[in-house]
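Encoded as structure tokens, the structure appears first; notes follow it.
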Amino acid sequence: EPEVTQTPSHQVTQMGQEVILRCVPISNHLYFYWYRQILGQKVEFLVSFYNNEISEKSEIFDDQFSVERPDGSNFTLKIRSTKLEDSAMYFCASSEGQGDVLTFGAGSRLTVL
Amino acid sequence: SQKIEQNSEALNIQEGKTATLTCNYTNYSPAYLQWYRQDPGRGPVFLLLIRENEKEKRKERLKVTFDTTLKQSLFHITASQPADSATYLCARAGTGGFKTIFGAGTRLFVKA
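Line by line, the protein sequences are chains A and B.
Take any residue in the first sequence, note its place counting from 1, add 2, and you have its number in the numbering used here.
Take any residue in the second sequence, note its place counting from 1, add 44, and you have its number in the numbering used here.
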């Protein structure tokens, strides 16, 4: 069964450092997403991406965040200058069409020290 | 504001019983609702989608209902098993259709 793959599974970084989280969505999916889940809290929407541009972003997705689809398979989330409060699990997801069900990756746990 | 709410308290039931989880929404009329399962440290996994014109949807031991009058969806697991222990998330499409908004989830514990 097709799956969304994410790397790394766990990253530890120092406050102020840049982090790039990588995702390979399902190959025939056209919509890509990043979500965040702080420990013990709900799954929060960060950004959606379609046709090589951001289609929607939340208020969490400020100037320190950026997304990119550098080639035909990868979808990345960059956090420019990490803060302690960025520590969370980051999930990538993809869907075939707009509003379709989401297929999530296993997540990348980010720990900012 | 448009809200989607789930009972944040954990639900504890005995193996073999039916678990019923609730999802309520306010200030919004979703065209459909989705239910996902999330295990600790893992990403959500899609289970069922129910549209506003459907009263009920079933998949094996799972059943979802959608009551637009009560603004509520119920998620049932019949003949529950310890392996059903997880957090169950209700979700709706955001306005504009480019995002899915999740409720806080209900943690289910099934005791053997």
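Built from N, CA and C at the ideal position, the CB exists for glycine as well.
Check whether the Cβ of residue i lies closer than 8 Å to any Cβ atom in chain A.
i: B:ILE145; result: yes
i: B:ALA148; result: yes
i: B:LEU133; result: yes
Looking at the unbroken beta strand (DSSP E) that takes in residue i, where does it start and where does it end?
i: A:ARG24; result: 21 to 26
i: B:THR109; result: 106 to 111
Give every residue of the same chain whose Cβ lies closer than 7 Å to the Cβ of residue i, excluding the five residues on either side of it in the sequence, and list them in chain order.
i: B:LYS47; result: TYR69, THR70, ASN71
i: B:GLY149; result: GLN50, GLN82, THR131, TYR132, LEU133
i: A:VAL114; result: THR15, MET17, THR84, LYS85, LEU86, ASP88, SER89
i: A:TYR52; result: LEU32, TYR33
i: B:GLN58; result: LYS155
i: B:GLU98; result: PHE110
Which residues in chain A sit within 7 Å of residue i, going by Cβ to Cβ distance?
i: B:GLN78; result: VAL103
i: B:PRO88; result: VAL45, PHE106
i: B:GLY141; result: GLN100, GLY101
Using C-beta distances below 8 Å, list every residue in its chain close to residue i, excluding the 5 sequence neighbours before and after it, in chain order.
i: B:ALA137; result: PRO74, ALA75, TYR76, LYS143, THR144, ILE145
i: A:SER29; result: PRO4, SER75
For a contact defined as C-beta to C-beta under 8 Å, what are the partners of residue i on chain A?
i: B:ALA137; result: GLY101
i: B:LEU93; result: VAL103
Considering only DSSP beta bridges, list what residue i is partnered with.
i: B:LEU65; result: B:PHE119
i: A:THR113; result: A:VAL14
i: A:SER68; result: A:LYS80
Under 8 Å Cβ-Cβ, which residues of chain B neighbour residue i?
i: A:GLU58; result: GLY138, GLY140, PHE142, LYS143
i: A:SER50; result: PHE142, LYS143
Say the cut is 7 Å; is the CB of residue i nearer than that to a heavy atom of the ligand GDP?
i: B:THR109; result: Questions concerning the ligand GDP fall outside what the structure shown contains, since it holds no ligand whatsoever.
Quick one: what's got a C-beta closer than 6 Å to residue i's C-beta in the same chain, skipping five residues either side?
i: A:MET91; result: GLN39, GLY109, ARG111
Under a CB-based cut-off of 8 Å, is residue i close to chain B?
i: A:PHE63; result: no
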